[in-house]
Amino acid sequence: MTLSIENRAALDFVLMLRRRWADTLYPRLCAQYEARFGDAMSGSPQLLATRVHDLAGYAGFAWLERGSQKMLWRAAKDAIESRNDGAGAVIRASTVEASTLELDPELDLPDWYTDWDIHLQPGGVWSSTVAADVYELGAKLVMQGDNDDYRFHRLFLETAIPPRQYRRIVDLGCGFGKSTWLLKKAYPRAEVVGVDFSEPCLRLAVRRANAQGLAIRFRQADAADTRLEAGTASLLTATMLVHELPLEVLSKLFEETARLLEPGGLLRILDFQFTGEPLRDLAMREHGLRNNEPFMPPMMAADTVGMARAVGLRNVRWTAFDERTAGRMPALHWPRRTEWHFPWAVLEAEKPV
Ligand SMILES: C[S@@+](CC[C@H](N)C(=O)[O-])C[C@H]1O[C@@H](n2cnc3c(N)ncnc32)[C@H](O)[C@@H]1O
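Below you can see the structure in the form of C-alpha cells.
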C-alpha cells in the first residue's frame with residue numbers, strides 16, 4: 141500500500157514508540173524493581189502490583205502502552221482513509237472467484253463481543269468495512285516487522301501443525317483470513333473453512349483469498365457454535381481467538397472442538413500463557429486491562445488443559461511459542477529475554493481414535 145509521507149511518518153513514529161516501550165521502558169521497570177526490592181518477588185500478586193505501581197518508571201510505562209496503541213489505530217485509520225494505491229483495481233484484475241462467503245442474516249452478535257473495542261480499535265473489527273481494513277493494516281504493523289509476509293503464522297503452521305493428509309481444516313476466529321490462507325496453501329487438497337463473527341473481516345478475507353487464487357469457505361458463525369457437521373474436521377486451529385472469549389464461551393468452544401473433530405483429529409490453539417516470571421505476568425495481566433482485552437487474564441489463569449480433557453480430548457498440553465525464529469518450543473518455557481514480549485503459547489490436543 142502506498143502511503144503519503146505524513147501517514148508513513150505517523151506510523152513509523154508510533155512503531156518507534158512501541159519498540160522503545162518494549163525494549164527500554166520494560167527493562168527499566170524491571171531494573172527499578174530489582175534496585176528497590178531485590179529479587180523479593182515472592183509476595184501475592186496484589187503486593188507485587190502495589191510495589192510496581194509505586195516505581196518511578198511505572199506511570200510512563202502504563203500510559204505509553206495504552207496511549208501508543210490508540211495512536212496506532214488513529215494513524216492506521218488516517219492511512220486507510222487517505223490511501224491512493226488503486227488496490228481495489230489491482231485486486232479485481234487478478235481475482236479468481238474461488239472462495240465463498242456464507243453470511244448468517246439471523247446472527248445476533250453477543251454483547252460481550254460488541255461492548256468492547258477490542259485491542260482499543262475504535263468500532264472493533266466488526267462494525268464497518270473500514271474497520272476491517274484498519275485492522276488488517278494495524279495487525280501487520282503491530283508485530284513490528286516480525287510478521288512481514290505473515291511469517292508469524294507461517295511459523296505456527298510449520299512448527300505446531302504436523303504435516304498430514306488433512307481432509308477438512310476449520311480455522312476458528314479467522315479474522316480477515318491471514319491464519320486461513322496459509323493453511324490452504326500448505327494443504328491445497330483439504331477443504332478449508334474459516335469461521336468468524338465479523339462480516340467485514342470475512343468479506344476482506346474472501347477478497348484477499350480470491351486474489352491469491354485460494355478456494356476457502358468463509359463462514360459467519362460463532363466459533364463456539366459453528367453448526368458445521370459433527371465429526372468432520374481433521375484439523376482445528378484457533379490463532380489469537382481464545383483470549384477474546386469470556387470463560388463460559390471458552391468452555392462452549394472446547395465442547396464445539398470435541399464435537400467437530402473426527403476421531404484422531406487435531407486441535408491447535410495459538411494464544412498466551414503465563415511465564416512464571418512475576419513481573420512479566422503482572423504486565424501481561426495489566427495489558428489485558430489496558431488494551432481492552434478483559435477476558436485475557438481470566439483465560440490465562442483458567443485450567444484450559446482441564447477444560448479440553450473434560451470434553452474428551454487427549455494429549456492436551458501447552459508449549460511455549462517463540463515468534464522470532466523457533467516457533468513451537470518443546471515445553472512451556474520461553475528463551476530468556478530482557479525486553480517485553482508476548483508469552484505466546486500453543487495448546488495441542490487430539491480426539492481419541
Ligand atoms: C485477534 S483476531 C485473530 C484472527 C486470526 N485468527 C489471526 O490469527 O490473525 C480474533 C478474531 O476472532 C473473532 N472472534 C472473536 N470471538 C469470536 C467468536 N465467538 N466466534 C467467531 N469469531 C470470533 C474476531 O472477530 C476476530 O476476527
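Residue numbers (the numbering used here): 141 to 493. Just so you know, even glycine gets a beta-carbon here, dropped at the ideal spot from N, CA and C.
Exercise. What number of angstroms, rounded off, separates the C-alpha of Glu-82 from the C-alpha of Ala-370?
Worked result: Within the shown structure, residues of the chain are numbered from 141 to 493, placing residue 82 beyond reach of any answer.
Exercise. Do Cys-495 and ligand 1 come close, with the Cβ less than 6 Å from some heavy atom?
Worked result: The chain is shown only over 141 to 493; residue 495 falls outside these bounds and no answer can be derived.
Problem set entry | Contact test: Cys-170 Cβ vs ligand 1 heavy atom, cutoff 6 Å | Working through the sequence shown from its first residue, we reach residue 170 at position 30. No, ligand 1 has no heavy atom inside 6 Å of this Cβ.
Exercise. Hey, out of Asp-443, Leu-487, Glu-433 and Leu-453, whose CA is closest to Leu-258's CA?
Worked result: What you label residue 258 is simply residue 118 of the sequence shown in a count that begins at 1. Strictly speaking, residue 258 in this sequence is Ile, with Leu absent from that position. Among Asp-443, Leu-487, Glu-433 and Leu-453, the Cα nearest to that of Ile-258 is on Glu-433.
Exercise. Under a three-way DSSP split, which group does Ser-239 fall into?
Worked result: Counting from 1 along the sequence shown, the entry for residue 239 is found at position 99. Here Ser-239 sits in coil by DSSP.
Exercise. Under three-state DSSP, which class holds Glu-426?
Worked result: For this step, residue 426 is matched to residue 286 along the sequence shown. Residue state, collapsed to three classes: helix.
For this session: Just tell me which of Leu-376, Met-440 and Phe-358 has its CA closest to the CA of Leu-501.
Result: In this structure the chain extends from 141 to 493, so residue 501 is not present and cannot be described.
For this session: Assign Asn-147 to buried or exposed, taking buried as 16 or more other Cβ atoms, counted over all protein chains shown, within 10 Å of its Cβ.
Result: As a first step, residue 147 must be located in the sequence shown, where it is residue number 7. It counts as buried.
Problem set entry | Given Glu-205 as reference, the closest of Glu-174, Asp-218, Glu-417 and Asp-163 once Cα atoms are compared | The residue you call residue 205 lines up with position 65 of the sequence shown. Closest option to Glu-205, Cα to Cα, is Asp-163.
Exercise. So, Cys-341 versus Val-265, is the Cβ gap smaller than 7 Å?
Worked result: Mapped onto the sequence shown, residue 341 falls at position 201. Mapped onto the sequence shown, residue 265 falls at position 125. Result yes, Cβ atoms of Cys-341 and Val-265 sit closer than 7 Å.
Problem set entry | Residues near Tyr-306 in its chain [Cβ-Cβ closer than 8 Å; skip 5 each side] | Numbered from 1 along the sequence shown, position 166 holds the residue referred to as residue 306. Excluding residues within five positions, the ones whose Cβ falls inside 8 Å are Tyr-327, Ala-330, Ser-374 and Leu-375.
Exercise. What three-state label does DSSP hand Glu-490 in the structure shown?
Worked result: Mapped onto the sequence shown, residue 490 falls at position 350. Looking at Glu-490 - three-state DSSP - the assignment turns out to be strand.
Problem set entry | Terminal residues of the alpha helix (DSSP H) in which Glu-396 lies | Here residue 396 refers to the residue found at position 256 of the sequence shown. Element bounds for Glu-396: 387 to 400.
For this session: Taking only heavy atoms of ligand 1 into account, decide whether any of them is closer than 6 Å to the Cβ of Phe-358.
Result: By one-based count along the sequence shown, residue 358 stands at place 218. Not so, every heavy atom of ligand 1 lies at least 6 Å from the Cβ.
For this session: Within the same chain, show all residues whose beta-carbon is closer than 6 Å to that of Glu-242, passing over the 5 residues directly before and after it, in chain order.
Result: What you label residue 242 is simply residue 102 of the sequence shown in a count that begins at 1. Same-chain partners within the cutoff: Arg-359.
Exercise. Which one of Ala-471, Ala-485 and Leu-422 has the shortest CA to CA distance from Arg-191?
Worked result: Within the sequence shown, the letter at position 51 stands for residue 191. It is Leu-422 whose Cα lies nearest to the Cα of Arg-191.
Problem set entry | Residue environment, Ala-233, which counts as buried when at least 16 other CB atoms sit within 10 Å | In the sequence shown, residue 233 corresponds to position 93, counting from 1. Legend: pLDDT at Ala-233 = 47, less than 50; position of this residue unreliable, no value from coordinates given.
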